[in-house]
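K.L.:
Read in my numbering, the sequence shown has 559 at position 487, and its numbers run on one by one without any break.
I have a structure I would like to understand better, so I am pasting it below and will then ask my questions one at a time.
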Amino acid sequence: MMQIVYFSRKAQFITQLETQVGEVTFVTPSPLKADGLRSRLTGSKGQDVITIAKFTSELVQVLWEDEGKPDVKRKADLLLIFGILKNKYFPDLGYEQFTQAYNLFSDLRSFTLNEEALSPVMDEQPEEIQKAVQLFWRLLDATGYLDEHAAYQKITEALRSSEEKEELNKTYVFWGFQHLNGQQVDLLKALAIRYRVIIPFPLALKEKLKKGDWLSWIKDASVEELDLPVHVNAPKASWLAVNSRENALRLKDIIQDGDQVILGVSKLAALHMDFLPSSKVNYKIPHQLIDAEVKEVGQELKEKFGKGGDLVELGKSLKGMIVFGEFKRLKAVQLYQEALKAITELTDEVVTVDRFFLKLLNEVVSLNQPRSSYVPMSPTDLTIELKDMSTLEDVNRDRRVILCIDERFEDIQGLGQNYTEVIQKSLGALGPLKRNELELHFKHWEFVDLFTDAKVLVLMSQATLKHSLIWKRLFAGIELLPVEEDFKSPARVVTDHFQKIDKKIFDGSFSASKFQTFLDCPRKFYFSYVDKIVPSVALEKDFDPMVSGTIIHKIIEVFHKRELSEDMLPALTTEIMGEFIAERKLKLPRETYLQRQLIFNQRALNGIQFLKKLEESVGEKVKWNIEEEFNLVEDYKLNGKIDCVGVSDHHMFLLDFKSTKFAASSNKEVEELESIQLWAYAKAASVKYDNFATKSVVLGYVVLDNPSESNLLLSDTDLMVRLKDARICRQKVFKEDFAALFKSANEKMVSLALAIRAEKNYAAIPRKANACHFCELTKVCVKSELKHV
Numbered sequence: 073m074m075q076i077v078y079f080s081r082k083a084q085f086i087t088q089l090e091t092q093v094g095e096v097t098f099v100t101p102s103p104l105k106a107d108g109l110r111s112r113l114t115g116s117k118g119q120d121v122i123t124i125a126k127f128t129s130e131l132v133q134v135l136w137e138d139e140g141k142p143d144v145k146r147k148a149d150l151l152l153i154f155g156i157l158k159n160k161y162f163p164d165l166g167y168e169q170f171t172q173a174y175n176l177f178s179d180l181r182s183f184t185l186n187e188e189a190l191s192p193v194m195d196e197q198p199e200e201i202q203k204a205v206q207l208f209w210r211l212l213d214a215t216g217y218l219d220e221h222a223a224y225q226k227i228t229e230a231l232r233s234s235e236e237k238e239e240l241n242k243t244y245v246f247w248g249f250q251h252l253n254g255q256q257v258d259l260l261k262a263l264a265i266r267y268r269v270i271i272p273f274p275l276a277l278k279e280k281l282k283k284g285d286w287l288s289w290i291k292d293a294s295v296e297e298l299d300l301p302v303h304v305n306a307p308k309a310s311w312l313a314v315n316s317r318e319n320a321l322r323l324k325d326i327i328q329d330g331d332q333v334i335l336g337v338s339k340l341a342a343l344h345m346d347f348l349p350s351s352k353v354n355y356k357i358p359h360q361l362i363d364a365e366v367k368e369v370g371q372e373l374k375e376k377f378g379k380g381g382d383l384v385e386l387g388k389s390l391k392g393m394i395v396f397g398e399f400k401r402l403k404a405v406q407l408y409q410e411a412l413k414a415i416t417e418l419t420d421e422v423v424t425v426d427r428f429f430l431k432l433l434n435e436v437v438s439l440n441q442p443r444s445s446y447v448p449m450s451p452t453d454l455t456i457e458l459k460d461m462s463t464l465e466d467v468n469r470d471r472r473v474i475l476c477i478d479e480r481f482e483d484i485q486g487l488g489q490n491y492t493e494v495i496q497k498s499l500g501a502l503g504p505l506k507r508n509e510l511e512l513h514f515k516h517w518e519f520v521d522l523f524t525d526a527k528v529l530v531l532m533s534q535a536t537l538k539h540s541l542i543w544k545r546l547f548a549g550i551e552l553l554p555v556e557e558d559f560k561s562p563a564r565v566v567t568d569h570f571q572k573i574d575k576k577i578f579d580g581s582f583s584a585s586k587f588q589t590f591l592d593c594p595r596k597f598y599f600s601y602v603d604k605i606v607p608s609v610a611l612e613k614d615f616d617p618m619v620s621g622t623i624i625h626k627i628i629e630v631f632h633k634r635e636l637s638e639d640m641l642p643a644l645t646t647e648i649m650g651e652f653i654a655e656r657k658l659k660l661p662r663e664t665y666l667q668r669q670l671i672f673n674q675r676a677l678n679g680i681q682f683l684k685k686l687e688e689s690v691g692e693k694v695k696w697n698i699e700e701e702f703n704l705v706e707d708y709k710l711n712g713k714i715d716c717v718g719v720s721d722h723h724m725f726l727l728d729f730k731s732t733k734f735a736a737s738s739n740k741e742v743e744e745l746e747s748i749q750l751w752a753y754a755k756a757a758s759v760k761y762d763n764f765a766t767k768s769v770v771l772g773y774v775v776l777d778n779p780s781e782s783n784l785l786l787s788d789t790d791l792m793v794r795l796k797d798a799r800i801c802r803q804k805v806f807k808e809d810f811a812a813l814f815k816s817a818n819e820k821m822v823s824l825a826l827a828i829r830a831e832k833n834y835a836a837i838p839r840k841a842n843a844c845h846f847c848e849l850t851k852v853c854v855k856s857e858l859k860h861v
């Protein structure tokens with residue numbers, strides 16, 4: 073029988089299960105989950121905890137007592153087989169395409185082994201990928217080898233057809249699974265025909281399930297569902313709001329023996345080891361013992377056989393690479409030799425040693441190399457545990473937990489899907505879809521369970537909680553209790569080495585961006601426009617933010633020049649994107665392309681509709697010019713582009729497009745001349761347009777994500793009333809006369825130009841905290857830690 077048990081707390085389910093009589097085997101998805109569960113069980117003799125890999129291995133031993141056991145080939149073996157035979161049947165397939173095709177092949181077989189059922193999915197793939205996947209399918213059928221998915225199916229068939237086995241007569245609890253593929257679901261259903269299968273599932277996630285999720289595929293008329301009594305969770309934690317870059321300093325001040333420190337990362341890595349300032353820290357990270365030696369041998373083979381060769385020559389070269397006394401290198405060479413031996417056992421095909429084969433060989437050796445865990449060696453007692461987000465199950469609820477979240481850490485997970493909506497629909501009819509949204513719900517539930525049972529202190533900046541979508545959702549419903557900040561940084565002298573170097577003098581033209589950057593931070597100005605060491609990162613598989621903004625501006629510009637209608641916008645978006653992709657030789661993954669296409673189209677549409685509504689509110693025909701170039705020379709040389717100029721009979725609009733409201737300056741900053749960009753636009757327009765002095769000038773920012781958050785500054789009170797009635801954005805009348813403000817702005821730009829040319833120190837003084845958020849120098853800059861004179 074199959075039973076799904078919905079529970080509120082982990083301890084509640086474990087207590088309930090331990091009262092039952094009989095043998096219980098807990099099956100977990102990974103060794104990590106198994107270790108975490110063992111730490112929570114009482115150690116009863118009737119309980120066992122194993123991984124699903126060991127579970128299926130034990131099933132094979134029981135179901136096939138003598139002969140006919142499934143011969144399952146590992147990924148390394150299958151890669152060798154497919155890679156060698158690929159040259160015979162599909163010689164033009166490159167290594168990257170080969171790898172992409174194999175990953176797709178393996179993923180699709182987790183849904184079904186019926187190739188014909190996958191034809192709608194294959195139709196969406198490039199032709200060369202289709203052919204490669206079909207080749208892999210044929211090769212597997214022809215050789216009779218089994219991959220892990222075929223093995224699941226074979227075990228499932230054996231369970232259905234065999235009689236009840238005494239060795240298997242126990243209760244199986246599938247613990248900690250966030251996803252099961254189609255073959256695994258079938259296996260559980262077959263197991264439940266004669267044996268008791270229990271699937272515990274968080275009650276809080278029951279209503280979050282969708283039709284395509286794995287648990288929905290398990291449910292049928294024969295499955296019993298049981299809701300354990302609801303236990304009200306009251307998750308809470310103490311919150312020390314810190315500058316994330318000072319987490320280590322705070323930890324040094326508050327860390328105690330017995331603490332468990334969780335870093336907000338998916339997996340601990342070597343770069344995290346120095347994060348905790350204590351010699352008592354115990355941790356464990358995965359470690360590939362001879363990774364450097366494997367790469368070293370691979371590079372030497374590439375240099376020798378990059379232009380071709382055969383297996384005999386390759387074998388001789390490997391023997392000559394052995395260095396006496398270097399055990400790790402010896403092991404690396406041995407792994408290459410074992411891979412060559414496996415080739416001769418798997419096939420009698422003549423193998424050409426080329427660049428493809430060498431890459432394939434290196435991948436196989438990397439998969440086969442020994443792995444271990446790296447743990448610290450210290451003369452002191454290792455009383456403090458360092459963990460990551462994958463080990464929440466293993467956290468001791470009786471000891472204090474400190475969760476450290478740093479803005480420099482990568483997101484612990486994404487929310488996008490691996491396939492397009494069309495492919496998801498086809499696959500959803502064949503088996504469970506792995507949904508990242510559900511995984512995030514699981515993580516949130518893990519948080520609630522931990523924060524309910526344990527004493528937790530969170531070290532996190534307010535900005536992270538405000539701006540990070542992932543962390544905001546994980547902390548939803550958790551009461552964060554601010555603690556008073558009694559921490560004092562140890563006395564230290566900050567040395568600004570920048571002041572000791574010879575600095576260049578700025579000698580160039582000015583722009584609105586240069587003026588604003590100097591106002592925001594002179595140090596940033598120096599590295600952006602004088603020494604120009606700020607790196608320019610060229611992405612190969614995506615648009616960088618600056619290019620994305622340019623694309624949206626271009627779409628709006630061409631839309632107005634061609635006088636298109638809104639229904640023509642999607643085609644225009646595709647056209648402009650295509651031009652930029654071709655110009656920069658980008659190779660965007662299908663999912664990335666569709667996401668960017670959607671964002672560009674929507675933001676451009678928002679901008680176009682905002683200008684249209686603005687024109688309707690004015691009641692006059694407005695001529696819109698996008699990306700209006702200017703170049704003028706007076707007391708200084710000023711050039712650049714105005715994002716948007718709109719000219720009507722009585723008004724002139726000078727607008728700057730911003731993706732989000734956070735990128736736009738406030739009306740106060742514009743009026744008080746702290747933000748100079750719009751005033752630089754006005755200066756350029758006063759020279760470019762002869763009738764500038766006769767117009768009522770409107771300055772403002774258009775927020776393309778949400779135009780209602782746009783803001784305008786103007787002098788015309790009648791227009792103010794019309795805009796207010798239209799409710800298209802925020803607006804404000806200048807407190808002072810526009811002419812007087814414009815004169816002050818001109819004087820400030822002149823003084824700025826003189827100050828920049830005379831500047832010699834370029835101090836690291838950010839005008840406000842936001843100036844540092846997206847600055848490329850943020851990891852090395854001393855910022856406002858120094859007292860500047």
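Virtual Cβ for every residue (Gly too), placed ideally from N, Cα, C.
In this text, all values refer to a predicted model and were calculated from it rather than measured experimentally.
Evaluate Arg81 with the Cβ neighbour count: other Cβ atoms within 10 Å of its Cβ, from every protein chain shown; 16 or more gives buried, anything less gives exposed.
P.N.:
A residue is called buried once 16 or more other Cβ atoms fall within 10 Å of its Cβ, and Arg81 is buried on that count.
K.L.:
When you compare each of Phe590, Lys515, Leu636 to Ile837 by their alpha carbons, which one comes out closest?
P.N.:
Phe590
K.L.:
What does a CB cutoff of less than 6 Å around Leu710 pick up in its chain, not counting 5 residues either side in sequence?
P.N.:
Phe582, Leu704
K.L.:
Could you check how far apart the C-beta atoms of Asn739 and Leu785 are, in whole angstroms? I think they sit under 8 Å.
P.N.:
6 Å
K.L.:
Hey, how far is the Cα of Asp715 from the Cα of Ala676?
P.N.:
13 Å
K.L.:
Which of the three DSSP states, helix, strand or coil, is assigned to Leu849?
P.N.:
Reduced to three states, the DSSP call for Leu849 is coil.
K.L.:
Starting from Val384, follow the alpha helix (DSSP H) in both directions and report where the run begins and ends.
P.N.:
383-392
K.L.:
On the DSSP letters alone, give me the boundaries of the alpha helix (DSSP H) that Ser247 sits inside.
P.N.:
In the sequence as displayed, the identity of residue 247 is Trp instead of Ser. Here Trp247 belongs to no alpha helix (DSSP H), and DSSP marks it neither H nor E.
K.L.:
Name the residue from Gly108, Thr97, Met73, Asp363 whose alpha carbon lies nearest to the alpha carbon of Ala83.
P.N.:
Cα-wise, what sits closest to Ala83 is Gly108.
K.L.:
Measuring only the C-alpha atoms, how far is Val861 from Ala830?
P.N.:
With a pLDDT of 38 at Val861, under the threshold of 50, the modelled position of that residue is not reliable, and the figure given next carries that caveat. Near 16 Å, if we compare the C-alpha coordinates of Ala830 and Val861.
K.L.:
Is Val436 helix, strand or coil by DSSP?
P.N.:
It is helical.
K.L.:
Do you know how far the Cα of Ile122 is from the Cα of Ala173?
P.N.:
32 Å
K.L.:
Could you tell me the distance, in whole angstroms, from the CA atom of Cys853 to the CA atom of Asp478?
P.N.:
17 Å
K.L.:
DSSP has Met74 in a bridge; who is on the other side?
P.N.:
Val269
K.L.:
Where does Met449 fall in DSSP's three states?
P.N.:
coil
K.L.:
Assuming Ser445 contacts Lys356 under a Cβ cut-off of 8 Å, what Cβ separation, rounded to an integer in Å, is found between them?
P.N.:
5 Å
K.L.:
Glu297 lies in the beta strand (DSSP E); which residues open and close that run?
P.N.:
296-299
K.L.:
So Leu824 is in the alpha helix (DSSP H); what residue range does that whole segment cover?
P.N.:
810-830
K.L.:
Give a yes or no on whether the C-beta atoms belonging to Thr100 and Ile76 are separated by under 8 Å.
P.N.:
No, the Cβ-Cβ distance between Thr100 and Ile76 is not below 8 Å.
K.L.:
Using only CA atoms, which one of Val520, Lys374, Ser498, Val775 lies nearest to Glu196?
P.N.:
With distances taken between Cα atoms, Glu196 lies closest to Ser498.
K.L.:
Does the distance from the CB of His516 to the CB of Leu546 come in under 8 Å?
P.N.:
Yes, the Cβ-Cβ distance between His516 and Leu546 is below 8 Å.
K.L.:
Along the beta strand (DSSP E) that carries Ile357, what are the first and last residues, could you check?
P.N.:
357-360
K.L.:
For Pro20, tell me which candidate among Lys126, Gln406, His722 has the shortest Cα-Cα distance.
P.N.:
The requested residue 20 does not occur in the structure, where the chain is confined to residues 73 to 861.
K.L.:
Select from Val425, Ala757, Glu518 the residue whose C-alpha is nearest the C-alpha of Leu277.
P.N.:
Glu518
K.L.:
Can you give the Cα-Cα distance for Ile910 and Val602, rounded to whole angstroms?
P.N.:
Outside the shown range of the chain, which is 73 to 861, sits residue 910, and nothing can be said about it.
K.L.:
For a test of the three-state rule: what should DSSP assign to Tyr601, helix, strand or coil?
P.N.:
Residue state, collapsed to three classes: helix.
K.L.:
In whole angstroms, what is the alpha-carbon distance linking Lys730 and Tyr665?
P.N.:
Approximately 22 Å between the Cα atoms of the pair.
K.L.:
What would DSSP say about Val520, mapped onto helix, strand or coil?
P.N.:
helix
K.L.:
Run through DSSP, which three-state label would Leu373 get?
P.N.:
helix
K.L.:
Hey, Ile227 and Leu131 are a contact pair by Cβ (cut 8 Å); roughly how many whole angstroms apart?
P.N.:
With 8 Å as the limit, Ile227 and Leu131 qualify as a contact, their Cβ atoms being about 5 Å apart.
K.L.:
Considering Cα atoms alone, identify which of Lys237, Leu686, Glu482 is closest to Leu341.
P.N.:
The sequence as given places Ala at residue 341; Leu does not occur at that position. The residue with the shortest Cα to Cα distance from Ala341 is Glu482.
K.L.:
Could you check which residue in Ala735, Val447, Tyr408, Glu700 has the C-alpha nearest to that of Leu776?
P.N.:
Ala735
K.L.:
Where Phe428 and Ile201 are concerned, what is the direct C-alpha to C-alpha distance, given to the nearest angstrom?
P.N.:
17 Å
K.L.:
Cutting at 7 Å between CB atoms, please list the residues of its own chain near Leu502, excluding the five before and the five after it.
P.N.:
Phe183, Thr184, Ala189, Gly254
K.L.:
Is the beta carbon of Leu165 sitting closer than 8 Å to the one on Val436?
P.N.:
no
K.L.:
According to DSSP, what are the bridge partners of Pro274?
P.N.:
Phe79
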